[in-house]
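This report concerns only the one structure given below.
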Ligand code: VG1
Ligand code: CO
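In this note's numbering, the protein residues as written are 30 to 572.
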């Protein structure tokens, strides 16, 4: 089978965002588009030569084609072995685990996460490095710069690989191993959590529901929750991965997982429900009558982590992305452990995890995970919560109430203003940035600004620096308003406004978040004028 060098013209728009390169499917279908980006990765990460590469995706439309291209280019670029999830499927955390387990030099994950799929939808590529984490800012910058100058790529013609048959094939000096996409991941989960106790909790009548939203986690949930833990088969819904995710948007939040949320508010609700996103790295956690906000989930899991087998005696610290509520900070202070604040995007946690400084991490965008892999992990969070329910024997609502009584409650909401023109988004941002120096000590409806900044971060491990990661207005411990631009959208610009208000432990702890945050939302409008400048009465999504 001949390896060819193909002359190509560079595409100028291959700049990776918060999590990889994400574009409309039609963009990826342009001639040589994917090939260019992959060649840029092979060129900028020479350690792939002679080494192993993990390949998988979230199963969306175009996944199989992209995997075919990636394998054909891996052969041509001297990769020794590719390890592929059966059917082309691997969740993001399972891929991260496989990279670590097999000592691979990297991984390609084809996903656009929670973005819609299908021919009209989105597609994406994430490149992870040895150790299982996403390529860092320096490497993605290099890949982007290289993609703009690329003149040729290498590919091997006529490869036939059967993605559905497990086992090893040998092609042109490349070993291709198709693996069960769930097995290794399930074994890892068994090491971390007390499956015996969770099984027992289910046997005694604990009821759960998991909605895979027709994305990648279906096979994982069926194997782990049903086959290994004994939950009834009907506990897993949306468990069959579909190329268009069944037409829905696999974004596990209050808007896109509304049917599940509503079911949990009824009298017949099970004890626990959860959902995950397209590539299985996000989680939505619900108890009967209760939505656990991601910031609270991180804080509560941190508080209980020491009781879970994989973490006993080794909870060293917690990290959260900057916009994530400060609920975890309160727990860290009580436990006497380190608490770090990083820019948005999981890659910023990896150095802290590698150094053993933090054990658990979380983002307000429904992402939670630990040092078991270098990505956030949806099913990990589900199992962690089931383990907590099993060891405490308490309903989730009681655990939340107890937590708020001890630490106070951080009410939190994120308001997304999607598909704005880049000019309008920039106008809102620069107007607020210009005001930052004047905000400290000003008072808004009884809340005084103590600090206002354009968030910059210095990585405590490698000293790398990054600026402009969001504008933050802090009102002491009481509240924060954060504004940042999304780096994952594929249409126009998206602004995210984050609202956090801490209610002290003796305050009103059981209010709906929207109600508790209404006064802060009014202050945010007064300061940012986001509604006025965008001409939007309401955000597209409030979650
Ligand atoms: C969003 C979230 C961020 C998350 C990222 C990738 O980024 O806010 O917390 O890490 O998506 O998640 P942005 O730049 O759009 O705000 V995923 O599940 O797409 O890999
Ligand atoms: Co995701």
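The C-beta atom is built at its ideal place from N, Cα and C for all residues, glycine as well. Keep in mind the model is a prediction, meaning the values are calculated, not measured.
- The three-state reading of DSSP puts residue 423 in coil, since its state is none of H, G, I, E or B.
- Taking C-alpha positions only, residue 253 is separated from residue 211 by approximately 9 Å.
- Membership of residue 229 in any beta strand (DSSP E) is not indicated; the residue belongs instead to the alpha helix (DSSP H) covering 224-232.
- Excluding five sequence positions before and after residue 90, the CB atoms of its chain that fall closer than 8 Å to its own CB belong to 54, 146, 147, 148, 150, 152, 272, 273, given in chain order.
- In this structure, DSSP gives residue 559 a helical state, which the three-state scheme calls helix.
- Selection 74, 76, 96, 381 evaluated against residue 84 yields 96 as nearest (Cα-Cα).
- The alpha carbon of residue 168 has as its nearest neighbour, out of 310, 49, 384, the alpha carbon of 49.
- For the 7 Å CB-CB criterion, residue 161 and residue 129 form a contact.
- When 323, 133, 404 are compared, the shortest CA-CA separation from residue 542 is found for 323.
- Residue environment: residue 223 is assigned as buried (16 or more neighbouring CB atoms within 10 Å of its CB, all protein chains considered).
- Distance between residue 515 and residue 47, taken at the CA atoms: about 8 Å.
- Membership of residue 118 in the beta strand (DSSP E) is indicated by the continuous run 110-118.
- With a cutoff of 6 Å, residue 78 does not count as near the ligand CO, since its C-beta is closer than that to no heavy atom of the ligand.
- Considering only 383, 387, 225, the residue with the shortest C-alpha distance to residue 366 is 387.
- The segment 435-504 contains, as complete beta strand (DSSP E) runs of 3+ residues, the segments 438-449, 480-483, 500-504 (chain order).
- Here residue 171 carries a helix assignment [DSSP, helix/strand/coil].
- Minimum Cα-Cα distance from residue 450 among the listed residues 332, 221, 94, 519 corresponds to 519.
- Per DSSP, residue 398 is one residue of the beta strand (DSSP E) stretching across 396-399.
- Listed in chain order, the beta strand (DSSP E) runs fully inside the segment 342-416 are 346-350, 367-371, 389-392, 396-399, counting runs of at least 3 residues.
- When only Cα atoms are considered, residue 539 and residue 353 end up about 20 Å apart.
- A buried status is given to residue 439, since no fewer than 16 other beta-carbon atoms sit within 10 Å of its beta-carbon.
- In the three-state reduction of the DSSP assignment, residue 52 falls in the strand class, which pools E and B.
- DSSP links residue 154 through a beta bridge to 50, 139.
- Distances taken from the Cβ of residue 37 to the heavy atoms of the ligand VG1 include none shorter than 6 Å.
- Distance from the CA atom of residue 529 to the CA atom of residue 371, rounded to whole angstroms, is 17 Å.
- In the three-state reduction of the DSSP assignment, residue 520 falls in the coil class, being assigned neither a helical nor a strand state.
- One Cα belongs to residue 456, the other to residue 494, and the distance between them is close to 25 Å.
- DSSP, read as helix, strand or coil, puts residue 89 in coil.
- In this structure, residue 409 has its CB at a distance of at least 6 Å from all heavy atoms of the ligand VG1.
- With 16 or more neighbouring CB atoms inside 10 Å of its own CB, residue 329 falls in the buried class.
- According to the DSSP assignment, residue 182 belongs to the beta strand (DSSP E) that extends over 181-185.
- Proximity annotation: the ligand VG1 has residues 47, 48, 142, 143, 306, 310, 311, 350, 373, 374, 375, 392, 394, 396, 515, 516, 517, 525 in chain order, each selected because its CB is closer than 6 Å to a heavy atom of the ligand.
- Between the ligand CO and the CB of residue 308, the shortest heavy atom gap is smaller than 6 Å.
- About 20 Å separates the beta carbon of residue 184 from that of residue 56, a gap too long to meet the 8 Å contact definition.
- Take the alpha-carbon of residue 523 and the one of residue 296: they are about 37 Å apart.
- Across the set 143, 113, 226, the C-alpha of 113 shows the shortest separation from the C-alpha of residue 207.
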